[in-house]
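So for the sequence shown, our numbering puts the first residue at 701; every next one is plus one. Glycine residues also receive a C-beta, built at the ideal position from the N, C-alpha and C atoms. Just below is one structure, and these are the notes that go with it.
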Amino acid sequence: LSVYVQVVGIVIGAGVAIVLIALLIFFVLRWMQLRKREAQEAPKYRFRKRDKVLFYGRKIMRKVSQSTSSLVGSTSSSRPRLKKKQKMLNIAKKILRFKKEVPILQMKEPPPSVLEADLTEFDVANSHLPSEVLYMLKNVRVLGHFEKPLFLELCKHMVFLQFQQGEYVFRPGQPDSSIYVVQDGKLELCLTGQDGKDGVVKEVYPGDSVHSLLSILDVITGHQRPYKTVSARAAEVSTVLRLPVDAFLSIFEKYPESLVRVVQIIMVRLQRVTVLALHNYLGLTNELFSHVSERRATLDDPALLNGRVTFHHAKAGSVLARQGDQDVSLHFVLSGCLHVYQKMIDKQDAVCLFVTQSGEMVGQLAVLTGEPLIFTIKAERDCTYLKISKSDFYEIMREQPSVVLSAAHTVAIRMSPFVRQMDFAIDWMAVEAGRALYRQDDQSDCTYIVLNGRLRSVIRKANGKKELVGEYGRGDLIGVVEALTRQPRATTVHAVRDTELVKLPEGTLNNIKRRYPQVVTRLIHLLGQKILGNLQQPRSALGLPSMASSPDVTNPASNLSTVAVLPVCDDVPISAFNLELSHALSAIGPTLLLTSDIIRERLGASALDSIHKYRLSGWLAQQEDINRIVLYQTDSSMTPWTQRCIRQADCILIVGLGDQEPALGELEQMLENTAVRALKQLALLHREDGPGPSRTVEWLNMRSWCSGHLHLKCPRRVFSRRSPSKLREVYEKVFEKTADRHSDFSRLARVLTGNSIALVLGGGGARGCSHVGVIKAMEEAGIPIDIVGGTSIGSFIGALYAEERSAVRVKQRAREWSKAMNSVFKTVLDLTYPITSMFSGSAFNTSISNVFEDKQIEDLWLPYFNVTTDITASALRIHTLDVIKRASMTLSGYLPPLCDPKDGNLLMDGGYINNLPADIARNMGTKTVIAIDVGSQDETDLCNYGDSLSGWWLLWKRINPWAEKVKVPDMAEIQSRLAYVSCVRQLELVKKSAYCEYIRPPIDRFKTMDFGKFDEIYDVGYQYGKLVFTEWARGDIIENVLKDHRSADYKDSKKTDVSFLNISLKQATILPPFDNEYQNIFSGFFAK
701 LSVYVQVVGI
711 VIGAGVAIVL
721 IALLIFFVLR
731 WMQLRKREAQ
741 EAPKYRFRKR
751 DKVLFYGRKI
761 MRKVSQSTSS
771 LVGSTSSSRP
781 RLKKKQKMLN
791 IAKKILRFKK
801 EVPILQMKEP
811 PPSVLEADLT
821 EFDVANSHLP
831 SEVLYMLKNV
841 RVLGHFEKPL
851 FLELCKHMVF
861 LQFQQGEYVF
871 RPGQPDSSIY
881 VVQDGKLELC
891 LTGQDGKDGV
901 VKEVYPGDSV
911 HSLLSILDVI
921 TGHQRPYKTV
931 SARAAEVSTV
941 LRLPVDAFLS
951 IFEKYPESLV
961 RVVQIIMVRL
971 QRVTVLALHN
981 YLGLTNELFS
991 HVSERRATLD
1001 DPALLNGRVT
1011 FHHAKAGSVL
1021 ARQGDQDVSL
1031 HFVLSGCLHV
1041 YQKMIDKQDA
1051 VCLFVTQSGE
1061 MVGQLAVLTG
1071 EPLIFTIKAE
1081 RDCTYLKISK
1091 SDFYEIMREQ
1101 PSVVLSAAHT
1111 VAIRMSPFVR
1121 QMDFAIDWMA
1131 VEAGRALYRQ
1141 DDQSDCTYIV
1151 LNGRLRSVIR
1161 KANGKKELVG
1171 EYGRGDLIGV
1181 VEALTRQPRA
1191 TTVHAVRDTE
1201 LVKLPEGTLN
1211 NIKRRYPQVV
1221 TRLIHLLGQK
1231 ILGNLQQPRS
1241 ALGLPSMASS
1251 PDVTNPASNL
1261 STVAVLPVCD
1271 DVPISAFNLE
1281 LSHALSAIGP
1291 TLLLTSDIIR
1301 ERLGASALDS
1311 IHKYRLSGWL
1321 AQQEDINRIV
1331 LYQTDSSMTP
1341 WTQRCIRQAD
1351 CILIVGLGDQ
1361 EPALGELEQM
1371 LENTAVRALK
1381 QLALLHREDG
1391 PGPSRTVEWL
1401 NMRSWCSGHL
1411 HLKCPRRVFS
1421 RRSPSKLREV
1431 YEKVFEKTAD
1441 RHSDFSRLAR
1451 VLTGNSIALV
1461 LGGGGARGCS
1471 HVGVIKAMEE
1481 AGIPIDIVGG
1491 TSIGSFIGAL
1501 YAEERSAVRV
1511 KQRAREWSKA
1521 MNSVFKTVLD
1531 LTYPITSMFS
1541 GSAFNTSISN
1551 VFEDKQIEDL
1561 WLPYFNVTTD
1571 ITASALRIHT
1581 LDVIKRASMT
1591 LSGYLPPLCD
1601 PKDGNLLMDG
1611 GYINNLPADI
1621 ARNMGTKTVI
1631 AIDVGSQDET
1641 DLCNYGDSLS
1651 GWWLLWKRIN
1661 PWAEKVKVPD
1671 MAEIQSRLAY
1681 VSCVRQLELV
1691 KKSAYCEYIR
1701 PPIDRFKTMD
1711 FGKFDEIYDV
1721 GYQYGKLVFT
1731 EWARGDIIEN
1741 VLKDHRSADY
1751 KDSKKTDVSF
1761 LNISLKQATI
1771 LPPFDNEYQN
1781 IFSGFFAK
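What follows is the structure, given as structure tokens:
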């Protein structure tokens, strides 16, 4: 029996064990399935019981509302029943706090065209033209656009040549009279050094060419030269197309107007490409010019000079023309001499380039190109000379076109042999919109300089996601760090619009460094600037890259050259808007406004025809060079001019009326179907006496993606209905006055030119009341504010100012709120059991809601952001497009974390990570950040108690009145200091940054909860602000804050007054009509 009992016991035990093991396995598998499902599912809303009741209650209320609305058309007998239901509905609304749902901004990703380059490059295989024709067309375009008959004439002279590896295409001593284009294979361009050895300066791949525009000019002018130190050989078996330059001579005989165009393009390339790359970036000066005397120019008919030459006498020390002058004349020296100087890069000193002797000319390069003068002409001793103005010189050329060849030849012989060598190696290339300049991880073999156009840099992360890194405009250097460090390309760079660049190969750069060692110093300076800029690039307090590359905060207007203005509807006063904006921009730098009517009036009725598109593109590029910014006003429909505006735009400004119903314009709908790469900004116009901004979210949700939006309060004259002539009369008077720097149009002008001023307010509890006083002092000092941001109390004061834009109103509302915060009764009622916090947060939420009501951040007058700490994701959160107001003011221990309504993450005071977010304001595109710090300062002179500490000893020190006091932090203070460690580090970085103006009022004696001392704290901030800004005014800090670093060069270089006439129809820097092409061919390229 005992054996039987044992067996039964074993069986039962085994069964129980099996069941338990099965249950354990079941629950483990179930748990793993749930974990896997939770990982796959998106985060859900987490309802509290109260919120759940409200949610279902409101759901029922919607059904009740629908049922009552269906009874509107019922009979009179049912009306008492309807009234009873309506009363019950109203009572239920009050109980359940049923409100109209506030629209939430739909976060949208940029379209693929913004971040992705076209996959197809210069496609030869899919073209209907032979590869040799395509390659030749690509390379001949550097000499201008040749119409079809001219190009076909050139193709007749093409010769195919085959070269084996190591075989020379040409050598020193052979005639330099051809253009070589590689069809397949690879060539090496070599320069013979002083030791007689050849060094490779450039590798030429299929589609690229080997030629020198100066050599082409020599052939055209009849002064052909042989190759001296330049040679080309085949690095592998290669097929090369050879086009003799003599082929152009036959074309010039048939089409003489093309001659002047080609000569001008060669001169423009010489000045823009060669001089820009070698002087502005490598620091070379007198190495670029020859001291050999030039040949005296002659005229077949001296009578052409009658009435066009003036006699002048210059005393010793007088300056005839300065570097950067736009309106330049020819100077022909009769007796004495003229010295030509050029400023050194990064120095105030000037170097003498050459001396113009008796019988020689100077100034012809600037006259031929229409570009600003690149040197200063000075008489070191008494001198007599003849002067021919630019307009008179063009008159002479119209009557005797061969004069252009003589003038161009005098420029060519002034160039040093070194410049002629570099003319072979440095390329002038064009990249069409959407094409990639280079791609991420490509080999770095050259550096690029932007002549005109715009490019975008995009990085591809390890997870495949692409992010915008930055954009490049005119004069920017691209790829220099990778090229000098020989690292693969870090990003992909593609053209936002048609772009012209200078390509400086690595071999050429190495050759220059060997020949002129001082270039190494300049390159180290450039490399240091780039690396230092990367090191100073703002990073989050956690050491991670900041959100500068995030589409939400990327500045769309850091260095814009062109802006297309597109109206939402016909009711938008687009002409008045553009004139108002032009007036504001003219205070920053030279501005040009172009419309289809201006183009037709000044360039001819056929200017917008497709046959003239290359000439028009060249002329528009020149306008970008001589103006700080060009505004393109589109037509009301998708005309060829509208398409041209969109294609030329760095940024598209969509203009709507804020008081109208949100709508999507017809032109915008058409844009949705095209791959527009320019960033888009939405500008909503408001009347001076009208209501404030509202329903901005609806405007933004209708559009695919906008990089930003602005609200503009317009003067009454913008909305007045006037004829074009009356409108012009009004704005002629407006342009006589200086633009108000505090107006919304001036704010828009600063945004478009990258000169925005940000105000960043730090956290510090009641000490933040001093922010209001400093803002009042800023207004009195005349400092405009374009963007507002902050943390904690700074986010509150900043939001008030972004809504009111008046320190007086901000003071009134902030004082009322401080009074409510000082209420003991409300504070006691808000106490709760301190598991998460001491207070429930309800009273604080009510106080914030009473101040802002239902105002959304998108409806504030000024762009605004605040910072919170996401304790769920352990990250910094930046809120620019959100309804969160209280999260940035949630102090740990006092208030519970705020649940983000989007993802349920817990948000707290941003001061734990970044208490003074000046770096974030900088990432949003501001040039200057004024940061006001009101945070508490921790004591640093703590007691050194060794490696152990007795709490009893510390207690005795504190309670004994005769004992020496020791400074040792308690547990709460230690936790507080640990929480703010990253914040303190970030604050030190901000203080040392060059873009930030740091201000700290003397508010240390006030405590965090001293809201009852509002007026006293306000006065401290106001008095300190007055003192600081007075010193700023004396030290020119305010002037530097408002100064545009790029426009300073324009203002110094132009003697013409920036007035209404520069923007109106009279003086739009205009080309003569295309209809009468030959008669006005040369003067057409220059401003009258």
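{"Check": "Rounded to whole angstroms, what's the CA-CA distance from P1362 to R1395? Just pull it up for me.", "Outcome": "8 Å"}
{"Check": "Assess, as a yes-or-no matter, whether the segment 869-882 is touched by the segment 924-937 under the definition of 3 or more beta carbon pairs within less than 8 Å.", "Outcome": "yes"}
{"Check": "Could you check whether L1382 and C1414 sit closer than 7 Å to each other, using their CB atoms as the reference points?", "Outcome": "no"}
{"Check": "I'd like to confirm something about S1058: is its beta-carbon nearer than 6 Å to some heavy atom of the ligand HEM, or not?", "Outcome": "Ligands displayed in this structure: none; no statement on the ligand HEM is therefore possible."}
{"Check": "Any idea what DSSP makes of R1160, helix, strand or coil?", "Outcome": "strand"}
{"Check": "Just checking my contact of M1589 with F1445 at CB under 8 Å: how many whole Å lie between their CB atoms?", "Outcome": "Contact doesn't hold; Cβ gap of about 34 Å is too wide."}
{"Check": "Identify the residues that DSSP records as bridge partners of Q862: which are they?", "Outcome": "T939"}
{"Check": "Would you mind sorting T1342 into buried or exposed? The rule is 16 or more other CB atoms within 10 Å of its CB.", "Outcome": "buried"}
{"Check": "Would L1168 and V1158 qualify as a contact pair, given that the criterion is a beta-carbon distance under 7 Å?", "Outcome": "yes"}
{"Check": "Looking at the C-beta of I1113, does it have a partner C-beta in chain C at a distance below 7 Å?", "Outcome": "The question asks about chain C, but that chain is absent: this structure has only one protein chain."}
{"Check": "With distance defined between alpha-carbon atoms, name the residue in G1610, Q1218, R1186 and R1174 nearest to L1201.", "Outcome": "R1174"}
{"Check": "Under the three-state reduction of DSSP, which class applies to P1238: helix, strand or coil?", "Outcome": "Residue placement at P1238 is flagged as unreliable, the pLDDT there being 40, under the threshold of 50; a coordinate-derived value is accordingly withheld."}
{"Check": "Consult DSSP for W1732 and reduce its assignment to one of helix, strand or coil.", "Outcome": "helix"}
{"Check": "Could you check whether L1260 and L1452 sit closer than 7 Å to each other, using their CB atoms as the reference points?", "Outcome": "yes"}
{"Check": "Between S912 and the rest of its own chain, which residues show a CB-CB distance below 6 Å, the 5 nearest in sequence each way excluded?", "Outcome": "D1123 and F1124"}
{"Check": "Can you check which of these residues, I1632, Y1172 and T1056, is closest to F989 by C-alpha distance?", "Outcome": "T1056"}
{"Check": "Can you tell which of H1409, A1507, M1402 and L1279 has the C-alpha that lies nearest to the C-alpha of F1419?", "Outcome": "L1279"}
{"Check": "Helix, strand or coil for V910, going by three-state DSSP, please let me know.", "Outcome": "strand"}
{"Check": "Residues in its own chain within less than 6 Å of G1207 by CB, not counting five upstream and five downstream?", "Outcome": "V900, V901 and K902"}
{"Check": "Take G1465 and list the residues in its own chain whose beta-carbon comes closer than 7 Å to its own, dropping the five residues that flank it on each side.", "Outcome": "I1493, T1708 and M1709"}
{"Check": "Output the distance between the C-alpha atoms of S1759 and F1435, rounded to the nearest integer angstrom.", "Outcome": "Note that S1759 has pLDDT 32, beneath the 50 cutoff, so the model's placement of it is unreliable and no number is given."}
{"Check": "Can you tell me which of the three DSSP states K1476 falls into?", "Outcome": "helix"}
{"Check": "Assuming L1281 contacts L1331 under a Cβ cut-off of 8 Å, what Cβ separation, rounded to an integer in Å, is found between them?", "Outcome": "7 Å"}
{"Check": "I'd like to know if the segment 1079-1088 and the segment 946-962 are in contact, where contact means that at least 3 CB-CB pairs between them fall below 8 Å.", "Outcome": "no"}
{"Check": "So which of G1356, P1290, I1487 and N1211 has the shortest CA-CA distance to K897?", "Outcome": "N1211"}
{"Check": "Reducing DSSP to helix, strand and coil, say where C855 ends up.", "Outcome": "helix"}
{"Check": "For V833 and F851, what's the separation of their Cα atoms in angstroms?", "Outcome": "10 Å"}
{"Check": "Could you round the C-beta distance between A1108 and L1053 to whole angstroms and report it? I think they count as a contact, below 8 Å.", "Outcome": "19 Å between Cβ atoms; not a contact."}
{"Check": "With A1112 and L959 assumed to form a contact (beta carbons below 8 Å), what rounded beta-carbon distance in angstroms separates them?", "Outcome": "Incorrect: roughly 15 Å between the Cβ atoms, too far for contact."}
{"Check": "Inspect the beta-carbon positions of F1711 and S1542 and report whether they are closer than 7 Å.", "Outcome": "no"}
{"Check": "So which of P1597, L887 and V716 has the shortest CA-CA distance to F870?", "Outcome": "L887"}
{"Check": "Hey, how far is the Cα of T1532 from the Cα of F1539?", "Outcome": "5 Å"}
{"Check": "Considering M1370, what are the terminal residues of the alpha helix (DSSP H) in which it resides?", "Outcome": "E1366 to E1372"}
{"Check": "Per DSSP, G1408 forms a beta bridge with which residues?", "Outcome": "Q1381"}
{"Check": "Report the CB separation of L1266 from L1364 in whole angstroms; it is logged as a contact under 8 Å.", "Outcome": "Incorrect: roughly 12 Å between the Cβ atoms, too far for contact."}
{"Check": "Kindly list the residues whose CB is nearer than 7 Å to the CB of Q1857, restricted to its own chain and excluding five residues on each side of it in sequence; keep chain order.", "Outcome": "Look at the range of the chain in this structure, 701 to 1788, and you will see that residue 1857 is not part of it."}
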